[in-house]
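Residue numbers (UniProt numbering), protein chains in the order written: chain A, 1 to 420; chain B, 1 to 420; chain C, 1 to 420; chain D, 1 to 420.
Where is the CB? At the ideal position from N, CA and C, for every residue including glycine.
Since the model is a prediction, treat every value here as computed from it, not as a measurement.
Number of protein chains: 4
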Amino acid sequence: MPPPSAAAAQDSLRAGGRAPLAARFAQVRAHTLALAAPLSPEDQCVQSMPDASPTKWHLAHTTWFFEAVVLAAHRPGYQPYDPRWFHLFNSYYEALGQRHPRAQRGLLTRPSLDEVHAYRRHVEAQVHALVEEADEAAWRAVEPLLELGLHHEQQHQELLLTDILHALSCNPLLPAYARNEAPSLRLAAPQAPLRWITGPEGAVEIGHAGEAFAFDNETPRHRTWLQPYRIADRLVSCGDFADFIADGGYRQPALWLSDGWAMVQAQQWRAPAYWIAPDDFRAPAAGWQVFGLRGVQPLDRDAPVMQLSFYEAAAYAEWAGARLPTEQEWEAAYGLPGLQQMTGQAWQWTRSSYDPYPGFRPWRGAVAEYNGKFMVGQIVLRGSSLATPEGHARPTYRNFFPPAARWQFSGLRLARDGAC
Amino acid sequence: MPPPSAAAAQDSLRAGGRAPLAARFAQVRAHTLALAAPLSPEDQCVQSMPDASPTKWHLAHTTWFFEAVVLAAHRPGYQPYDPRWFHLFNSYYEALGQRHPRAQRGLLTRPSLDEVHAYRRHVEAQVHALVEEADEAAWRAVEPLLELGLHHEQQHQELLLTDILHALSCNPLLPAYARNEAPSLRLAAPQAPLRWITGPEGAVEIGHAGEAFAFDNETPRHRTWLQPYRIADRLVSCGDFADFIADGGYRQPALWLSDGWAMVQAQQWRAPAYWIAPDDFRAPAAGWQVFGLRGVQPLDRDAPVMQLSFYEAAAYAEWAGARLPTEQEWEAAYGLPGLQQMTGQAWQWTRSSYDPYPGFRPWRGAVAEYNGKFMVGQIVLRGSSLATPEGHARPTYRNFFPPAARWQFSGLRLARDGAC
Amino acid sequence: MPPPSAAAAQDSLRAGGRAPLAARFAQVRAHTLALAAPLSPEDQCVQSMPDASPTKWHLAHTTWFFEAVVLAAHRPGYQPYDPRWFHLFNSYYEALGQRHPRAQRGLLTRPSLDEVHAYRRHVEAQVHALVEEADEAAWRAVEPLLELGLHHEQQHQELLLTDILHALSCNPLLPAYARNEAPSLRLAAPQAPLRWITGPEGAVEIGHAGEAFAFDNETPRHRTWLQPYRIADRLVSCGDFADFIADGGYRQPALWLSDGWAMVQAQQWRAPAYWIAPDDFRAPAAGWQVFGLRGVQPLDRDAPVMQLSFYEAAAYAEWAGARLPTEQEWEAAYGLPGLQQMTGQAWQWTRSSYDPYPGFRPWRGAVAEYNGKFMVGQIVLRGSSLATPEGHARPTYRNFFPPAARWQFSGLRLARDGAC
Amino acid sequence: MPPPSAAAAQDSLRAGGRAPLAARFAQVRAHTLALAAPLSPEDQCVQSMPDASPTKWHLAHTTWFFEAVVLAAHRPGYQPYDPRWFHLFNSYYEALGQRHPRAQRGLLTRPSLDEVHAYRRHVEAQVHALVEEADEAAWRAVEPLLELGLHHEQQHQELLLTDILHALSCNPLLPAYARNEAPSLRLAAPQAPLRWITGPEGAVEIGHAGEAFAFDNETPRHRTWLQPYRIADRLVSCGDFADFIADGGYRQPALWLSDGWAMVQAQQWRAPAYWIAPDDFRAPAAGWQVFGLRGVQPLDRDAPVMQLSFYEAAAYAEWAGARLPTEQEWEAAYGLPGLQQMTGQAWQWTRSSYDPYPGFRPWRGAVAEYNGKFMVGQIVLRGSSLATPEGHARPTYRNFFPPAARWQFSGLRLARDGAC
């Protein structure tokens, strides 16, 4: 996705007004259901840790978002589908009232999956009616909120996959999410040796500008100053990471940040989260295997390493005599010739804490809590993953997770000081 | 259930040999499925706390018990239905190999409910075949294990209900397990004032003897010595307990055991577990309500109080100027004229820690771990509850739970020193 | 201490009235200070776990007890030495007002040790004045409370030693409490093979009666019924226990109660609390060593094993093909010819939970909370230890600790069903 | 401390070679002892939370640093004073061997305070001998390590004060560290209304360069780009913060970062850590009071607010319609006319996560672990506090703590987007 054409394409998608937006709405909503389709009602109800949410909760919460942010505010006379569900499916919006405790989302066996499907259909019909019936003044207020709701739902599409994958990984039977996953989920070609590419230096501009959609945390576009650096042309592969393990990477404290080393010891980390050692009783084999959406597969040395924490990414970089790029370096390098795997494979941990951009202002109103209030204790990831929905990636996109998070499709790319 | 005839009836049930046992096997197994029938697959998968298990797990574990204890040992050539399930559905038998962690039973969305039903049918067919085909020597070994398996499954029938009730109680929607519960679940008649009945004193015999089935922890029958005492003719009612609350019972440390008072403060206990205060946002009402198998119902002052901990039972007794009976007193009083509600309403906390009887010997073999290894840190409950399966109660039955457990159908009966 | 003469001696000690009681008061108080004397101010301030208290806190709390229970109630016009200390040094008496959190006793660097010594002297002078000046009516109320205060202080004398020993055991330098401990702390003679002694059977009387001092939990004396049993003539020795370890006792779940096995795994228990393995970096040696009041010493195979939990005691008994005696059996056997080491060596875990005796009534008034409110979740120990003050042991004495406690001078004696 | 002259003064201090460095060594070491002098041995032993260390441990650890980093490496034939102390007083240097667990530093009643004093004298004598006897080549290696050791000890001088203050704050008696603290600890003059000062914009240089001492995390000096901003001329005062509290600042989630709001609720934060509400039982008064080194004092509205977390600082800024400055903005503004209270009052939370500077390289050798491995999950504070030793502050100094830390002398200064 080279930035100019991508932005153009996105603008054209967005340009058309009511009918195209309604069409995208229908398509995004249908895609969420398609992602859930391979899963049984039980699969869709389970919650494997407080940080992850049940599939059914994702289905309902993304619907609640349209109800709370669009319909309740802009559809005259709209009443909540069920007032009690209003707090069940609120995620973290303090301004929108009481919330069901995050760690107890898995206890919601009711409403049933069928009831949640009916809820989705009801809200969708109401949104379509609103699109048709809103007068022009209302439409100007509704359109950006609908747009936001779609991007919000796309974020949850990826989380739906990462969360159910975590749940399945906790089952000793290691069941597959889907057997016939698209072949695009792995690299076709063997990995060439890593090559370094010199990035721009001096004053560069970073961040989102223009009319196309972006989250508030990507703004404002602003100038920053880069020292000379180079960036790897490809992601770190599973083969690369297996070498790090074989060299004792998980046993050398000098490679690790202090908090990371504490996690290695406390959690007994020995490999990325879904790697399965040869002697694992759940799936004995001669070599490393990796659990993923297609179930247990032999380790593919050419595939990007994923499901690792920032701590592991930083330790690997130290071991490799390199470092992680900052998010500014990553964004400034985007689109350089020869740079591969920037999107569509694995989110890439950067060496940037998730701080506000200079001049950052959160959105106003109910969606003020969308991004800004999480700007502490998290690390920025850039790019996108194999699980990111089509059209959701942007060069300015700032994903973020705590440094210990390991259940995302998160990998890394190396960088170094100094031009080539 | 007066003791002599009950034992006789039980003996007659048991007496018949293969065909009657096979019939009881079929009936008990069918009853478990009937208890699960009102629940959706999601309901049957959820686990609301480490102490409670999912319905589906109960369905599978009771089946595993027959497989592990009966078929694997006594059916020539029997192979486990699925070797991986063997450790998934082991509860706590160290001798029978690795176990799935108790707190993670709710993560087992697979095997699916249909697959567990198929597992049940497979094992049932094998058991029936074994009953028919075993030679006499084998039958002598198999019969008591089958008998044990049926009682084991009946125990889990009650746990299935207490566990799903707890899960439903965690849902802010407070859904009912079943709307049309039998009217026998409540008392037909208003409660008369409590009357005291003098129990036997001096040397009495306690514990199980004879051929009828009993758990090992009820044996051996032995002599014990009772000081003069009297016992209440009925259970403490919800109305009694509401008076205790209204009198500040939960705010007076002098009424409580030290550990109990610590729980009151740490857990903010203000009433039995499933009582709903008038100002509760989940179900606003003018007075107390109680959540139960039929959903939320107005408090019935005549019904026995239930879902309280030993600590609350002991504090109530202290407040009432009485005490809890010991398990020896309870058993010795069983069958006295005028004594009501001894079984079929609520398990009754006693003032007896769960220690071994003099001369106690655990069963031998795989079932040695059934009872004995839990004989520390628990309190004995006597009687049976509205959720106890028909025919499962016995005057010598020793139920046990930790003193803080509140999700059982557990109530109390008062006692006092000295004859009337 | 054979029971009849001991009771007589105690009665005579007690008999004399004011002057002898004042003398005993002075002697007991002085002994507490003597026990603290080898310790620096820092040693006396430290708290190594919530269950243990600092030496300085013991010094102050035993003084507070006389202030709160005796002086405040019975010394006309008495004002607390410092009202703020009144809640600092309250242990668990809810009726006597707010308490300092138990786990934060080690933070009380102020008041200083010198200030606490001054507090002790002040209260002692007031008590002596009260003894002299109280009229007869007052004296009748004061005398039993003073008596109780002395026994209370003696209990804390032992706790002072067990608690400081635990604190010193947490220091990698393993400093000794005192180098020149009396030789009586170990057995002079090699252990003979264990012999069994038949205990009384049938109806026996248990519990305290008579005028001599006893705690409320030892009363009332009452009849109980014993089945035939035998009891070991001596304690289990360190040599015995080393054999259990060498035979893999800590690795066989079948020997353990369920909660005990969970502790073994969670806490990585491999030996009694203060045993030091040969490869321990703190004190390398060729064989087992044991940390105690005299510091690190080579394991003495003839000495009674100590500092173990009820779980370990019960597992050892299982391994030895025996069991622990009940507290009734222990008390009924007391004084039988040939029975050794009943007191003065190690407290002996029994197979009895700490339940109230039939007819038990707590003391009235402020001391009602002394014993009764702890009667759940604990196990009775009988006898006394090398750290128990002279004259504090009684055959009816009921010591109690949670089953996982390992920092007391706690050992075990075996028993078996059936007469010899 | 205006930057040019300060650097010059520091250079001149440093310039003189062996004798001046030895003199500074003696003076810094003596100052540490002087800070500990008001404290009893018990005070010096206590540890009030895992994040804080005992005074005695600070005394020993700063000594260990000279032993481990200077003497062991550069004094021929030097043997550790006590090999066992070597791991007792290591803080976090993995490369220097095993460490005593941080949370158990308070259990080290031995070695005694006198023994630690002797250890200090021994190491000091050895360091002085090394300074005199080292040949020129050795001196070139030793000098920067000695310099580092002095700055390390100065850091611990401030921690000694913050840690003992926390311990004293946990004592309900609220004892004062020292009654006669220098009057410089408070502001002499009433606070004028806050004024805004425009900072530099565009490309500015940040970080340390030159020969004077600085920590590795302050390097390299590098260019960065600032958007227009203004910065407050003074710190936020206690009076300002009292207005925030009175306006319900601790009850409005919209003001808080998400993690901060979770802390407010979980920890029941209602005011900065050492503020004492009027109804506090420990020190009843008509208005707010503040606990500090001089004990409990009435709130001084003109004094800078301190002992608050980053979360509280950020919430205050939000409430005030402002934000916190970034560390780059803070440093670039340093020395501007009119800017007050930049050092010597309170460390100032910035809006910058503690990330490495571009081109950052940790020191080599044993001191590599000094700073770099903590660069995640922490927030930068700038300036210095009333407890920072004379001569230890620098405009480029990067202090850092986790965002929830509240026991430091940490306050805040406001900033805003856009020039005045």
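* Going along the stretch 81-98 of chain A in order, which residues come within less than 8 angstroms of chain D, judged by CB to CB distance? -> Listed by position, the residues of the stretch 81-98 of chain A near chain D (Cβ gap below 8 angstroms) are Y92, E94, A95.
* In angstroms with no decimal places, state the Cα-to-Cα distance between L146(A) and G292(D). => The C-alpha of L146(A) lies about 53 angstroms from the C-alpha of G292(D).
* Identity of the residue in T32(D), L299(D), W139(D) nearest P76(D) by Cα -> Of the candidates T32(D), L299(D), W139(D), W139(D) places its Cα closest to the Cα of P76(D).
* **V305(C) versus Q408(C): straight-line alpha-carbon distance, rounded** => A straight-line Cα-Cα distance of about 11 angstroms links V305(C) and Q408(C).
* With 16 other CB atoms within 10 Å as the buried threshold, where does Q79(B) fall? -> With fewer than 16 other beta carbons inside 10 angstroms of its own, Q79(B) counts as exposed.
* Asked: Should L381(C) and Q348(C) be called a contact, given that it needs their Cβ atoms to be closer than 7 angstroms?
  -> The answer is yes: Cβ separation under 7 angstroms.
* Asked: By Cβ distance, which residues of its chain are closer than 8 angstroms to V69(D), with the 5 residues on each side in sequence left out?
  -> For V69(D), where only same-chain residues beyond five positions count, the Cβ hits under 8 angstroms are L145, L148, G149, A366, V367.
* How long is the line joining the alpha carbons of P111(B) and R102(A), rounded to whole angstroms? -> Rounded to whole angstroms, P111(B) to R102(A) spans 26 angstroms at the Cα level.
* To do: Starting from Y229(B), follow the alpha helix (DSSP H) in both directions and report where the run begins and ends.
  => Secondary structure note for Y229(B): it is in no alpha helix (DSSP H), and the uninterrupted beta strand (DSSP E) holding it is 229-232.
* To do: State yes or no: is the C-beta of H117(B) within less than 7 angstroms of the C-beta of R99(B)?
  => Not a contact, by the Cβ cut-off of 7 angstroms.
* **Cutoff 8 angstroms; reference G372(B); Cβ partners in own chain excluding five residues on either side** => D216, N217, P356, F360, P362.
* To do: Entirely within the UniProt domain "Sulfatase-modifying factor enzyme-like" (197-333) of chain B and at least 4 residues each: give me those alpha helix (DSSP H) ranges in chain order.
  => With a minimum length of 4 residues, the unbroken runs of alpha helix (DSSP H) contained wholly in the UniProt domain "Sulfatase-modifying factor enzyme-like" (197-333) of chain B fall at 238-246, 258-267, 310-319, 327-333.
* Hey, does S53(C) have any beta-carbon neighbour from chain D nearer than 7 angstroms? -> It does not: the Cβ of S53(C) has no partner Cβ on chain D nearer than 7 angstroms.
* To do: Pull up the distance between the alpha-carbon of S154(C) and that of P253(B), whole angstroms please.
  => It is worth fixing the name first, because residue 154(C) is Gln in this sequence and not Ser. The straight-line gap from Cα to Cα measures roughly 27 angstroms.
* Beta carbon of F25(D): closer than 6 angstroms to some heavy atom of the ligand ATP? -> For the structure depicted, the ligand ATP is absent and the ligand set is empty, with no information on it obtainable.
* To do: Indicate whether at least one CB of chain B lies closer than 7 angstroms to the CB of L185(C).
  => Note on L185(C): pLDDT 46, under 50, position unreliable in the model; no value is reported.
* Can you tell me whether G418(A) is buried or exposed, with buried defined as 16 or more other CB within 10 angstroms of its CB? -> Exposed: under 16 other Cβ atoms inside 10 Å.
* Asked: Taking the alpha helix (DSSP H) that L168(B) falls in, what are its first and last residues?
  -> Its alpha helix (DSSP H) spans residues 136-169.
* Any idea if F244(C) is buried or exposed, counting beta-carbon neighbours within 10 angstroms, 16 or more meaning buried? -> The residue in question, F244(C), is buried, as its Cβ has 16 or more Cβ neighbours within 10 Å.
* Within the 7 angstroms Cβ cut-off, does C238(D) reach chain C? -> C238(D) does not count as touching chain C.
* To do: Could you tell me whether the stretch 323-332 of chain B touches the stretch 223-231 of chain B, using the rule of 3 or more Cβ pairs below 8 angstroms?
  => Contact check between the stretch 323-332 of chain B and the stretch 223-231 of chain B: three or more CB pairs, one atom from each, fall below 8 angstroms, which counts as touching.
* Asked: If you check the beta carbons only, do Q307(A) and R406(A) fall under 7 angstroms apart?
  -> Closer than 7 angstroms, so yes.
* To do: Below 8 angstroms on the Cβ atoms is my guess for L96(D) versus P41(D); work out the distance and round it to an integer in Å.
  => Incorrect: roughly 28 angstroms between the Cβ atoms, too far for contact.
* Neighbouring residues, chain F, relative to G106(B) (Cβ below 8 angstroms) -> This model lacks chain F altogether, as its protein chains are A, B, C and D.
* Write down the C-beta distance between P325(C) and A415(C) rounded to the nearest angstrom, noting that I regard them as a contact closer than 8 angstroms. => In this structure P325(C) is in contact with A415(C), their Cβ atoms being roughly 4 angstroms apart against a cut-off of 8 angstroms.
* **Closest residue to L161(D) among E124(D), S385(D), V296(D), D135(D) (Cα-Cα distance)** => Per the Cα distances, S385(D).
* Best match in F25(C), L226(C), I206(C) for proximity to T198(C) [C-alpha to C-alpha] -> Among F25(C), L226(C), I206(C), the Cα nearest to that of T198(C) belongs to L226(C).
* Asked: Taking Cβ to Cβ, would you say N171(C) is nearer than 7 angstroms to L336(D)?
  -> Remark: C-beta atoms of N171(C) and L336(D) do not approach each other more closely than 7 angstroms.
* Find the nearest neighbour of V236(B) within the set P193(B), R251(B), D259(B), judged by alpha-carbon distance. => Among P193(B), R251(B), D259(B), the Cα nearest to that of V236(B) is on P193(B).
* When DSSP labels each residue in this structure, what does W363(C) get in the three-state scheme? -> Residue state, collapsed to three classes: coil.
* Proximal residues of chain C, C-beta to C-beta of W225(B) below 7 angstroms -> The contacting residues are A203, R223, T224, W225.
* **Any chain A beta carbon closer than 7 angstroms to R406(B)** => Interface residue (Cβ-Cβ distance to chain A less than 7 angstroms): R406(B) is not classified as such.
* Asked: Just reading off the beta strand (DSSP E) that T55(D) is part of, what are its end residues?
  -> Segment 55-65 is the alpha helix (DSSP H) holding T55(D); no beta strand (DSSP E) there.
* Give the residues from the stretch 22-49 of chain A that approach chain B closer than 7 angstroms (Cβ to any Cβ), ordered along the chain. => Hits within the stretch, in order: S40, P41, E42, D43, C45, V46, S48.
* Would DSSP call A405(B) helix, strand or coil? -> Correct three-state label for A405(B): coil.
* Asked: chain A partners of R110(B), CB-CB under 7 angstroms?
  -> Neighbours of R110(B) in chain A, taken as residues at a C-beta separation under 7 angstroms, are given in chain order as N171, L173, P175.
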